[in-house]
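Residues 1 to 110 in UniProt numbering are what the sequence shown lists, from first letter to last.
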Amino acid sequence: MAHEQHQQLLQTLSECIEECEHCYHACFQEEHVNMLADCIQLDRECADICAVTAKALSRESHFTKEYLELCAKICEECGKECEKHDQHDHCKRCAQACFKCADACRKAIA
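What follows is the structure, encoded as structure tokens:
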């Protein structure tokens, strides 16, 4: 997979990282932070796998497909968790970015 062919996917991964990082930090500012523990953990895991997947794409790793599969799975789970907290704007935006990224990863595999 050539780097140039995946500019849109790299952009989507970057946007997901940004939203997950923002959500992660914003969750700590919420009144009932303990209710957001799963969200906080998944935000970090999602941002991390998106970053690693972007690196794999950029260097045309032999394991790109596996990274994309795992990235799609973690993004989907993070999106589902953030969706549970839709009273928080940061969680809504994060869920949207995660679902978009999961979809983009699955399309790249196909």
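The beta-carbon is built from N, C-alpha and C at its ideal position, and this holds for glycine as well. Quick caveat, the model's predicted, so the values are computed rather than measured.
- Non-local beta-carbon contacts of Glu15 in its own chain, meaning distances under 7 Å to residues more than five positions away in sequence, involve Ala97 in chain order.
- Secondary structure note for Glu76: its alpha helix (DSSP H) is the uninterrupted segment Thr64 to Glu83.
- Taking C-beta atoms as the reference points, Cys27 and Ile40 count as a pair closer than 8 Å.
- The beta carbons of Leu68 and Cys23 sit no closer together than 8 Å.
- In the DSSP assignment, Asp89 falls within the unbroken alpha helix (DSSP H) covering Asp89 to Ile109.
- Counting of Cβ neighbours within 10 angstroms places Asp43 among the buried residues, the total reaching 16 or more.
- Nearest to Ile49 by alpha-carbon distance, out of Arg93, Cys75 and Lys84, is Cys75.
- By a beta-carbon distance limit of 8 Å, Leu13 contacts Thr53. Their separation comes to about 6 Å.
- In the three-state DSSP reduction, Glu21 falls in the helix class (H, G or I).
- Burial state of Glu31 is exposed, judged by a 10 Å Cβ sphere holding fewer than 16 other Cβ atoms.
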